[in-house]
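J.:
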Amino acid sequence: MSDCIFCGIAARDIHGRIVHETEHSLAFLDVNPLAPGHTLVVPKDHYARLDDLPDELSADLFRTVDELVPRVEDAVDADATNVGINNGPAAGQEVEHVHVHIVPRFEDDGGNPIHAVAGERPDLSDDEMDDIEATLSDL
Numbered sequence: 001m002s003d004c005i006f007c008g009i010a011a012r013d014i015h016g017r018i019v020h021e022t023e024h025s026l027a028f029l030d031v032n033p034l035a036p037g038h039t040l041v042v043p044k045d046h047y048a049r050l051d052d053l054p055d056e057l058s059a060d061l062f063r064t065v066d067e068l069v070p071r072v073e074d075a076v077d078a079d080a081t082n083v084g085i086n087n088g089p090a091a092g093q094e095v096e097h098v099h100v101h102i103v104p105r106f107e108d109d110g111g112n113p114i115h116a117v118a119g120e121r122p123d124l125s126d127d128e129m130d131d132i133e134a135t136l137s138d139l
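Residue 1 is where the sequence shown starts when you use the UniProt record's numbering, and the numbers rise one by one after that.
1) Helix, strand or coil for residue 205, going by three-state DSSP, please let me know.
2) Let me know if residue 78 comes out buried or exposed under the rule of 16 or more other beta-carbons within 10 Å of its beta-carbon.
3) My output table needs one value for residue 110: the three-state DSSP class, helix, strand or coil.
4) Taking all protein chains shown into account, do 16 or more other C-beta atoms lie within 10 angstroms of the C-beta of residue 110, making it buried, or fewer, making it exposed?
5) Is the number of C-beta pairs between the region 32–42 and the region 96–103 that are closer than 8 Å three or more?
6) Give me the DSSP bridge partner(s) of residue 102.
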C-alpha cells in the first residue's frame, strides 16, 4: 500500500533504522519507543491483520521475533522483554500493517504486565468459560 509507513520502510522509500532482514520480514527500531531498543518486526508485504498472513510468512515473522528477542535484550542490557501484537484497531493497532513489538524491560522500570493493557477484566462464570473452551476446541 502506497500510504502505509511500514511498506514505505520495507521499500526503502522511508528511512528506518533497520536491524535485521529476511526474505519476508524486516525489523527496525520503533521511532516512538517505549524503551531503548524497542523493535518492530513486520512482514515486508502488506497484511493488515494476523489472519491475513500466509502460513509461510507467519512462520518467518515469528522465527525472526524468536531470533531477535535475545539480541535486543543483549543490545540494551535488558532484564526481560514484552512481545506483543495489536491485532486490529479495537486492540490498539495504529498502523494497519501486521507488526510485532519487542519491548525491552528493566527491573523497576514502572511498566506493567500484559494483563494491564485490556482494561477492566470480565467476571466470567464457569459455564461461560466452558462455552468458550468448547468453541475454541472445535475450531
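The beta-carbon is built from N, C-alpha and C at its ideal position, and this holds for glycine as well.
Only a predicted model underlies this, so the values are computations on that prediction, with no experimental measurement involved.
T.: Checking against the coordinates, here is how it stands:
1) Nothing can be reported for residue 205: it is not among the residues displayed for the chain, which extend from 1 to 139.
2) buried
3) coil
4) exposed
5) yes
6) 39, 83
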